[in-house]
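If you use the UniProt record's numbering, the sequence shown corresponds to residues 1 to 690, in order.
These notes concern the structure reproduced below.
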Amino acid sequence: MSARLIDFCKWTSEKTAAMMSEVSFPGRKISDSLQASFKMLNGRLRHPEVRILILGPLKSGKSTLMNVLCQHASVSQVNPLPAYPCTVEVRDIERNNQLIPAEKECCTFYRNGIPLEPMALEAGLQHLNELLEDYIERPGKPETRYDKVVQKINLLPSPEMPPENRYTVLIDSPGLFFSNHTYSADANKEFEEADVVIFVVRQEQLFFESVNEYLKKFSAEAMHRRGFILVNIAVPTDKELESYDHNEYKKKLDTYFRRHIASPDLNQELINDDRISIRFANLFMAAAAILDKNPVYEKAYQDSETRQSLDSIRKYLRTKLVDEKIKDLSKKFEQTLREARAYLDTLLQEEEILVSEMRQKLLYLKKEIQGKEDLKCGIGDEKSVAHAAIERNTRRLEILAGDINPETLPLHDPDPLIKQLQIGFNSLPLSSAHAMNDEELRDLVTKSYMKWQGGAHGNRTFRNLVKIIWQEDVSGDNFSLVQYYHQLFFATYKDCVAKLRKSFSDELLRLAAGDSESEDIINNAINHELAKGEPKLLLFTPRGFWLWRKTPESIWGDGTRIVDEENEDILHLEADRFIGQILQDWEILDLFSSENLQRVAKDILRKNFLSHLRVLIQKQSDAQNELVGKLVKREEKVQAEIDALSETHRKQEDEWNYHRSIFSGIEDRKKHLTDMLESFQKDVYNFVRL
């Protein structure tokens, strides 16, 4: 085996590993095409052997050529009938080699793609012969069908072959275009893996269309391996041997091949003669001369074109095989390296676009997070406002607790509501245009008394007198004294409310004033105040008229006793004094005075207003507490969204930084590959003979 080839493969494998490292990025898969190139290159470098493939149509002379090249008559079977297709691998190795152990000689049959138990070569050959006979007699019998048969034969190296060129594998393939497609597929696979291909074809087979098509493929693959076209020329008879001119026959056949068989591309390769060469040989003559030692054919073989052709092939195998193998692997390495650099170019463009897109996404995420942060700050501000309102309302409720008089509140309180409340109640008018004068009141009471005295409205009891004075329409204008009071108090109360509302700018105070203005509230207040005008409810006790000082109780009694008839004239004569006494004792004049109406209205309004104001403040405080609860939940939700967005931003930022590092490092990696290519092209000549 070639030490140069082994060293080269080891050195190139290290270079390939370095190349793979340059195009490998964590979490990113390299392209399928580049991965396939690496796989193929590493596969070739792991097996530093030279594979020589002999292929061609059935019965073209492939096995004969193999036996001639190996100078061994039984390496590959040669039968007059079409043999059972078989792949033969001949390994020219030194047994017990320390670098690569010798493989055992064997014959392996494959069925349905599964190898059966290997046989010894002789047993395998015998089985092949049996299969062939059985196949000819009963071609349809399934037991005779195998996917493939592989023979592996080890030969000691030829003395003519330099030690460094050892460990070559010579492969005799099944015939091309065999009816079993598995064999043709195996031949194609061997073709792709071969370093040297010898295409053997008989001269009459050149006219086959299938051969012509395969020659085109042979030409197209010229850049990947060294090729020989060996035309197996006709066998001359014993008589013809004496006058047989090999050179002339070869010249005619060569001219015909180039003009009528070879494509333009193949002709160009044949002219260059560096990737594909055409040779002509009579393989029957060669086998008879070399293997059978036939004297007649030995003489004819000496100066024949057959010998020149076979010698040229042998010379190439002896002298140039390892160098060509190294050159071929070098080209594959350089090609893979260029693919790797092109991959980095593509990756650079992709990463540039990706980094830009990811940056835009990060900016958008950052903007979205900032928006959420601003929203959270806004919620925090709302919470602060709500908490301040709750504290303010708590203080207001503490200040306004109980029967507080707004006029006594501090004028310079920091709370504008308290300050406005104090100013508003102090600004209420102390006089009112709504009042009845004393004469009008006396006239009404007089009329009421006269009706009572005349008995027009029932018995002349004290209770009935009270009823007539307060509740009867004695003037005929549909108004009783109660109704007059109701009208005056209503107007006065409304004036106070209007004055308050006008003095308030705080909406809460205006609402409380508005709530205190309802007719139900005013009517309740009036009825409550009017009740004070009824003597019994006001704890009225007559001071005693001067006429009855001694027995006042006998006259007024409990309010149900009828007045003594014998005193009627006296009562009538003293009516004016009696009416005056009623007005005075019942405080009717004071009750209807504008000062009293204003005072009572103001006092009632204060109670009603403060009651409604406390309710409104409490409602506002409850609403603020409810708002705080909602804001807390909303704040928690926004914070969760911020956390989720921040986590997404963190992950995308890590990914962005990762791709930025890839993007920024690709140019350096491209330079490393360029330097690697230059270094490889310079150092590879250390392994090649110039």
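In this text, a Cβ means the ideal position worked out from N, Cα and C, and glycines have one as well.
Owing to the predicted nature of the structure, the values given are computational and were not obtained by experimental measurement.
- Measuring C-alpha to C-alpha distances from Ser594 to each of Pro118, Leu69, Tyr485, Glu190 identifies Tyr485 as the nearest.
- Here DSSP, grouped into helix, strand and coil, assigns Ala281 to strand.
- Using a 10 angstroms sphere on the CB of Pro295, the tally of other CB atoms stays under 16, which defines it as exposed.
- In terms of CA proximity to Phe592, Asn437 leads the group Phe687, Asn657, Asn437.
- Ranked by Cα distance from Ala525, the first of Tyr493, Lys499, Gly514, Leu500 is Tyr493.
- Considering only Val68, Glu641, Trp11, the residue with the shortest C-alpha distance to Lys366 is Glu641.
- The alpha carbon of Trp452 has as its nearest neighbour, out of Lys651, Asn464, Arg442, the alpha carbon of Asn464.
- DSSP places Met436 outside both helix and strand once states are collapsed to three, so it counts as coil.
- Glu339 is not a Cβ neighbour of Ser13, given a cutoff of 7 Å.
- In this structure, the beta-carbon distance from Phe609 to Ala512 falls below 7 Å.
- Take His659, set aside five residues on each side of it, and the residues of its chain with a beta-carbon closer than 6 Å to its own are Glu351, Leu354, Val355, in chain order.
- Under the three-state reduction of DSSP, Asn393 is assigned to helix.
- Around the beta carbon of Gln598, 16 or more other beta carbons sit within 10 angstroms, so the residue counts as buried.
- Excluding residues up to 5 positions away in sequence, Lys419, Gln422, Ile423 lie with their Cβ nearer than 8 Å to the Cβ of Leu411 in the same chain.
- Collapsing the DSSP output to three states places Asp415 in coil.
- Non-local C-beta neighbours of Val231 in its own chain, meaning closer than 8 Å and more than five positions away in sequence, comprise Val201, Arg202, Gln203, Leu206, Leu253, Phe257, Ile278, Arg279, Phe280, Ala281, ordered along the chain.
- Inter-segment contact for the stretch 322-331 and the stretch 285-303 is absent: fewer than three beta-carbon pairs are separated by less than 8 Å.
- Here DSSP, grouped into helix, strand and coil, assigns Pro48 to coil.
- Contact check for Ile666 against Leu362 fails: the beta carbons are separated by 7 Å or more.
- Annotation: Asp172 to Ala3 spans about 26 Å, alpha carbon to alpha carbon.
- The three-state secondary structure of Ile30, taken from DSSP, is coil.
- Between Asp265 and Ser309 a beta carbon distance of about 23 Å is seen, past the 8 Å cut, so the two are scored as non-contacting.
- Contact check for Asp195 against Arg51 passes: the beta carbons are separated by less than 7 Å.
- Rounded to whole angstroms, the Cβ separation of Gln624 and Lys376 is 19 Å, and the two are not in contact under 8 Å.
- The beta carbon of Asn267 sits closer than 7 Å to those of Arg258, all from its chain and outside the five residues before and after it, given in chain order.
- Of the other Cβ atoms in all chains shown, fewer than 16 fall within 10 Å of the Cβ of Thr674; this residue is therefore exposed.
- Here Asn426 is exposed. Its C-beta has fewer than 16 other C-beta atoms within 10 Å.
- Between Ile326 and Phe8, the C-beta gap is smaller than 7 Å, which places the two residues in contact.
- Pro57 and His672 have their C-alpha atoms roughly 48 Å apart.
- Taking a 10 Å sphere around the C-beta of Ile271, we find fewer than 16 other C-beta atoms and assign the residue as exposed.
- In its chain, beyond the 5 residues on either side, Val628, Leu631, Val632, Glu635 have a beta carbon closer than 8 Å to the beta carbon of Lys383.
- Under the rule that a run must span 3 or more residues, no beta strand (DSSP E) segment is found entirely inside the stretch 643-681.
- Taking 7 Å as the cut-off, the Cβ atoms of Gln652 and Asn393 do not count as close.
- By DSSP's assignment, Pro115 forms a beta bridge with Tyr110.
- By the criterion of a C-beta distance shorter than 6 Å, Trp11 is surrounded by no residue of its chain, once the five residues flanking it on both sides are discounted.
- Asn294 sits in coil when the DSSP states are folded into three classes, being neither helix nor strand.
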